[in-house]
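S.K.:
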Amino acid sequence: MNFAKEMMEGVDSAHDFLHVMRVYNLCLLIAQDYPNVDLDVLITAALLHDVARAKEKEGFDHAVLSAEIAEKFLRKLGYSEEKIEKVKHCILSHRFRGEIKPKTIEAKILSDADKLDALGAIGVARAFMLAGKLNQKIYSDTPLTRYVKENIVNGKVRDLSKHSPNLEFEIKLKKIPSRLYTEKAKQIAEERHKFMVEFFERLKMEIKGEK
């Protein structure tokens, strides 16, 4: 745990070690429904899944870098090669936009837990924290179809200054529930998604002075 915390110093508040601990706790919650889960693999992967965040640069996948760092760290601790490979798979497959899909139950749980942290009240908080960092508007009334045509290229935002939390919800976050693997995560996502829908509807009314 201390290793992961040290590796993530300087990472923005949306992806810092507190994010790791939220994901860790969600992993434990979801794992309660799966008695055959290897908790050693799951917990280790949860704590190490973002250790390369501080080193991530454009063009580099933090999941790949985190898996490489985890491999070296766990080998020094004497983990078996089999367990190291299982942890690496969890880390490599946890990203929303990642090409590698989770195959094991441990990897599916980590992937779900990481996505859940982008939903609900914490999801709203993270979205606005990043919006402030990038000097984005609180709310954008640009029609979604026009925005996607003008500012989304290969699934990525071209000009982040034109982005906003409500557009992030429409383009990415509202799709998360359909991308989850475990029933427990889907149940949690349903409630969190509902909260975000209500929040952004209320925000739109307040922006227009209707509330």
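The end of the sequence shown is residue 898 by our numbering, with every number in the run present. Glycine included, C-beta positions come from ideal geometry on N, C-alpha and C.
Could you spell out where the alpha helix (DSSP H) holding Ser-753 opens and where it closes?
M.R.: 749 to 763
S.K.: Anyone know if the C-beta pair for Val-724 and Ile-778 falls short of 9 Å?
M.R.: no
S.K.: Judging by CA-CA distance, which residue of Val-710, Ile-839, Lys-891 and Ile-717 is the nearest neighbour of Leu-735?
M.R.: Looking at the Cα atoms, Val-710 is the closest of the given residues.
S.K.: The alpha helix (DSSP H) with Ile-863 in it runs from where to where?
M.R.: Membership of Ile-863 in any alpha helix (DSSP H) is not indicated, and neither H nor E is assigned to it by DSSP.
S.K.: How close, in whole Å, do the beta carbons of Tyr-826 and Asn-853 come, if the pair is a contact with beta carbons under 8 Å?
M.R.: 5 Å
S.K.: Measure the beta-carbon distance from Lys-775 to Glu-758 and round it to whole angstroms, keeping in mind my assumption that it falls under 8 Å.
M.R.: 6 Å
S.K.: Can you give me the C-alpha to C-alpha distance between Arg-866 and Gly-842, rounded to a whole angstrom?
M.R.: Spanning the alpha carbons of Arg-866 and Gly-842 requires a straight line of approximately 16 Å.
S.K.: Kindly indicate the opening and closing residues of the alpha helix (DSSP H) around Lys-824.
M.R.: First-last for Lys-824: undefined, no H or E at that position.
S.K.: Out of Ala-732, Arg-782 and Asp-828, point me to the one whose CA is closest to Leu-761's CA.
M.R.: Ala-732
S.K.: Could you give the C-beta distance for Val-738 and Met-708, rounded to a whole number, given that I count them as a contact under 8 Å?
M.R.: Not really, about 14 Å apart at Cβ, beyond 8 Å.
S.K.: By how many angstroms is the C-alpha of Phe-882 removed from the C-alpha of Tyr-766?
M.R.: 41 Å
S.K.: Rounded to whole angstroms, what is the Cα-Cα separation between Glu-877 and Lys-820?
M.R.: CA-to-CA, the gap between Glu-877 and Lys-820 works out to about 28 Å.
S.K.: Does DSSP classify Ile-717 as helix, strand or coil?
M.R.: Note: Ile-717 maps to helix in three-state DSSP.
S.K.: Are the beta-carbon atoms belonging to Arg-879 and Ser-700 less than 9 Å from one another?
M.R.: No. Outside cutoff.
S.K.: Looking at the structure shown, is Val-698 part of a helix, part of a strand, or coil, going by DSSP?
M.R.: coil
S.K.: Here's a check: name, in chain order, each residue in its chain whose Cβ is nearer than 8 Å to the Cβ of Glu-870, leaving out the five neighbours to either side.
M.R.: Taken in chain order, the residues that qualify are Asp-720.
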